[in-house]
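Participant: The sequence shown begins at 4 in the numbering used here and counts up one residue at a time.
The structure follows.
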Amino acid sequence: MSILITGATGLLGRAIYAQCQAQFPTLDIIGTGFSRAQAPLVQLDLNDAAAVRAFFAKYQPSVVIHAAAERKPDVCENDPEQTLALNVETSRLLAELCHEQQSRLFFISTDYVFDGKNAPYAENATPNPLNFYGKSKMMAEQAIVAINPSHTIIRVPVLYGEVEYLAESAVTVIAQQIQQNPQSSHDHWAVRYPTHVADVAQTIADLIALPAAQSAGIFHVSDSQAMTKYDMACVIAAALGQNASSLVAVPEPTQSAARPYNCALKDTRLKQLGIVHSRKFDVAIQQIITRS
Ligand SMILES: NC(=O)c1ccc[n+]([C@@H]2O[C@H](COP(=O)([O-])OP(=O)(O)OC[C@H]3O[C@@H](n4cnc5c(N)ncnc54)[C@H](OP(=O)(O)O)[C@@H]3O)[C@@H](O)[C@H]2O)c1
Numbered sequence: 004m005s006i007l008i009t010g011a012t013g014l015l016g017r018a019i020y021a022q023c024q025a026q027f028p029t030l031d032i033i034g035t036g037f038s039r040a041q042a043p044l045v046q047l048d049l050n051d052a053a054a055v056r057a058f059f060a061k062y063q064p065s066v067v068i069h070a071a072a073e074r075k076p077d078v079c080e081n082d083p084e085q086t087l088a089l090n091v092e093t094s095r096l097l098a099e100l101c102h103e104q105q106s107r108l109f110f111i112s113t114d115y116v117f118d119g120k121n122a123p124y125a126e127n128a129t130p131n132p133l134n135f136y137g138k139s140k141m142m143a144e145q146a147i148v149a150i151n152p153s154h155t156i157i158r159v160p161v162l163y164g165e166v167e168y169l170a171e172s173a174v175t176v177i178a179q180q181i182q183q184n185p186q187s188s189h190d191h192w193a194v195r196y197p198t199h200v201a202d203v204a205q206t207i208a209d210l211i212a213l214p215a216a217q218s219a220g221i222f223h224v225s226d227s228q229a230m231t232k233y234d235m236a237c238v239i240a241a242a243l244g245q246n247a248s249s250l251v252a253v254p255e256p257t258q259s260a261a262r263p264y265n266c267a268l269k270d271t272r273l274k275q276l277g278i279v280h281s282r283k284f285d286v287a288i289q290q291i292i293t294r295s
């Protein structure tokens with residue numbers, strides 16, 4: 004039996020790869036990446052359908068966790084064709100291959116499938132994305148569910164965790180902005196729920212350990228601390244030993260691709276299963292920044 008993780012060179016994929024290795028030591032854990040793939044990870048261009056089919060035939064994974072994607076909204080907005088290819092078509096292909104081989108698929112989606120106007124969102128709330136990134140992830144969800152409604156959709160909010168460089172995540176980049184400019188400006192409009200990748204990874208591993216019928220369908224994985232980017236910046240400034248009072252709060256949206264106001268995800272299904280992994284943002288971010 005083997006577990007395949009796409010996007011294993013990325014922020015979340017690295018955490019999932021490490022968690023699966025720790026939690027399933029008797030299974031083969033296969034991680035793929037693209038530009039950053041180095042052994043033991045395998046390079047696989049997910050846009051190359053023939054290569055993906057050949058990879059599946061060779062490894063025959065019994066579980067696939069599909070974390071690879073283009074996740075930067077501004078990049079998606081400016082390159083819809085590439086976004087559809089990677090975010091939608093590769094997800095459709097993996098769903099088909101998993102369905103054919105009776106493998107379990109865990110697809111990583113986003114809170115940006117919602118418009119942010121009616122938080123909190125239950126797992127069965129109706130998506131209405133505001134930007135092309137959210138739209139591409141919604142289209143991928145729909146394609147996957149149409150192929151096999153028993154596949155698993157995992158929606159997550161903004162993520163943070165151990166980074167290769169501070170600008171790698173939308174949360175740790177704030178530390179870089181503060182280091183470069185102690186009077187830097189930060190969005191104080193959109194409400195976010197920063198969630199540690201290790202908690203998402205642990206949650207997914209717990210779901211894999213359940214019988215397939217219990218992990219079918221949509222799950223919301225989210226920490227519960229509501230924060231704007233400015234709120235995060237104040238915590239990060241303190242972690243850096245800097246004076247948060249110099250930071251500037253911007254009370255309106257600051258980014259070019261439209262962002263939802265508040266996409267709080269209700270994780271009712273996970274709570275019913277007793278799967279809850281959470282941590283304090285101030286403690287976790289201090290550890291990450293100290294190590295970076
Ligand atoms: N980060 C967040 O705040 C956030 C929030 C909500 C949802 N999500 C979702 O969570 C998942 C993981 O996000 P992340 O932050 O870990 O993303 P990430 O750090 O940007 O990593 C993206 C991954 O996709 C891989 N990839 C890109 N193009 C590829 C291609 N053509 N073929 C194969 N692999 C390719 C990258 O490989 P290389 O780097 O090796 O090229 C990398 O491993 C995504 O589905 C994302 O939509 C993320």
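Glycine is no exception: its CB is placed at the ideal position from the N, C-alpha and C atoms.
Please determine whether the Cβ atom of Ala-134 lies at a distance below 6 Å from any heavy atom of ligand 1.
Facilitator: One detail in the question is off: residue 134 reads as Asn in this sequence, not Ala. No.
Participant: Which runs of the beta strand (DSSP E), 3 residues or longer, sit entirely within the stretch 190-241?
Facilitator: 220-223
Participant: Helix, strand or coil for Ala-252 per DSSP?
Facilitator: strand
Participant: Can you have a look at Gln-205 and say buried or exposed, based on whether 16 or more other CB atoms are within 10 angstroms of its CB?
Facilitator: buried
Participant: Using a Cβ-Cβ cut-off of 8 Å (strictly less than) and excluding sequence neighbours within five positions of Leu-243, which residues of its own chain qualify?
Facilitator: Ala-178, Ile-181, Gln-182 and Ile-292
Participant: Tell me whether Lys-144 is buried or exposed, calling it buried when 16 or more other Cβ atoms sit within 10 Å of its Cβ.
Facilitator: The sequence shown places Glu at residue 144, not Lys. When all chains shown are included, Glu-144 counts as buried.
Participant: Please state if the CB of Gly-164 and the CB of Ala-72 are separated by a distance shorter than 7 Å.
Facilitator: no
Participant: Sorted by chain position, which residues of the same chain lie with C-beta nearer than 6 Å to Ser-172's C-beta, five sequence neighbours on each side aside?
Facilitator: Leu-14, Tyr-163 and Val-166
Participant: What I want to know is whether the C-beta of Asp-48 ends up closer than 6 Å to one or more non-hydrogen atoms of ligand 1.
Facilitator: yes
Participant: Give every residue of the same chain whose Cβ lies closer than 8 Å to the Cβ of Ala-260, excluding the five residues on either side of it in the sequence, and list them in chain order.
Facilitator: Around Ala-260, the same chain offers Pro-76, Asp-77, Cys-79, Glu-80, Asn-134, Phe-135 and Tyr-136 as residues with beta carbons nearer than 8 Å, after the five sequence neighbours per side are excluded.
Participant: When the distance is taken between beta carbons, is Ile-68 closer than 7 Å to Ile-150?
Facilitator: no
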